[in-house]
Amino acid sequence: MRSASVTSAPAPTGPRGPRSPVCRALCVLAGCSAVLSALVAARWTPLMRWDETVARIVHHWAVAEHGTTRVARFLTDWVWDPLTLRLLCVAVALVLAVRRPTRFDALWLVAAGALGLLLQYAVKAAVGRPRPVWPDPVDTARQAAFPSGHAMTAAVVCGLLLWLLHRHRAGRALWPAAVVLAAVSVVGVGLTRVWLGVHWLSDVVGGWLLGATVVAAAAAVHDPARKRWPAHVP
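Residue numbers are given in my numbering: position 177 of the sequence shown equals residue 178, and the series is strictly consecutive.
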């Protein structure tokens, strides 16, 4: 039997109230994100020491392993660059916008991506954490360190696309491949940022948590908002 395409009718869902798994996940992720952000903003000494220890060890490796560092720089600057991932998000939204049944999903995808970007800049401005400084840097970056924009963007984009694949009943071959690709991208880009010495480890973890929070929030409102989507919208 041929598997359903990504543009098929959305799969039925369970309850979406406060006790739903999505809402519970949202509460947990938001709470963890808030706690970590507060600890970083307060420069909590145990966390700062841990970050500095990890950063020193990894930077020593990055300086010594030139080949690995070049690969990490290529991946973080081109393959997993936030602009690349946002363009992917826009491309998928344009494809969804072509057909009337999936136009709501196109708008939802763009709106959730924009929310993630705004949250990222807001937290960076609020926390104002400096990036690591090295006498022998292997890469450079601007803006505040927390959260990692690369890690957060990857979590948001990959999470939103996986949610859409799940809602539109991705085929048995497509779904596992998409999950593996998303996991490799999200984890991989975070590791490259620490390897290149432009982020502390907690910056990356914060980016993952905040990105997952955005995805959970978007997933929580997806079905209720879709039900209110005007049927006459062309």
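For each residue, glycine too, the CB sits at the ideal point set by N, CA and C.
{"Query": "Own chain residues within Cβ distance below 8 Å of A12, not counting five before or after", "Result": "Any reading at A12 needs caution, since the residue's pLDDT is 49, under 50, leaving its predicted position unreliable; the model's value is listed next. Correct list, in chain order: H167, R168, H169 and R170."}
{"Query": "Neighbour-count burial assignment, H67, 16 or more Cβ in a 10 Å radius", "Result": "exposed"}
{"Query": "Backbone secondary structure at G197 - three-state DSSP", "Result": "In the sequence as displayed, the identity of residue 197 is Leu instead of Gly. Reduced to three states, the DSSP call for L197 is coil."}
{"Query": "Residues near G198 in its chain [Cβ-Cβ closer than 8 Å; skip 5 each side]", "Result": "A56, V59, H60, A63, P133, W135, P138, V139 and D140"}
{"Query": "Nearest-angstrom Cα separation, counted from P131 out to R101", "Result": "46 Å"}
{"Query": "Span of the alpha helix (DSSP H), counted from its first residue to its last, around V29", "Result": "P22 to A42"}
{"Query": "Assigned exposure category for A94 - 16 Cβ within 10 Å defines buried", "Result": "buried"}
{"Query": "C-alpha distance - V190 paired with K125, whole-angstrom precision", "Result": "18 Å"}
{"Query": "Limits of the unbroken alpha helix (DSSP H) element including Q121", "Result": "R104 to V128"}
{"Query": "Whole-Å CB distance - A112 paired with A98, under 8 Å assumed", "Result": "In fact, because the Cβ distance is near 13 Å, the residues do not count as touching under 8 Å."}
{"Query": "Close-in-space but distant-in-sequence residues of the same chain around A146 (CB under 7 Å, 5 per side omitted)", "Result": "R130, P131, R132, H200, W201 and D204"}
{"Query": "Range of the contiguous alpha helix (DSSP H) that encloses S1", "Result": "A query on residue 1 cannot be resolved here, the shown segment of the chain reaching from 2 to 235 and no further."}
{"Query": "Cα-Cα separation between A213 and T70, rounded to whole angstroms", "Result": "27 Å"}
{"Query": "Backbone secondary structure at W62 - three-state DSSP", "Result": "helix"}
{"Query": "Pick from G208, L110, P22 and L76 that is closest to Y122, judged by C-alpha positions", "Result": "G208"}
{"Query": "Outcome for P83 when other beta-carbon atoms lying within 10 angstroms are tallied against a minimum of 16", "Result": "buried"}
{"Query": "Presumed contact (8 Å Cβ cut-off) between A178 and C24, rounded CB distance", "Result": "Contact flag wrong, Cβ pair sits at about 29 Å."}
{"Query": "Where H151 sits in the DSSP three-state scheme", "Result": "helix"}
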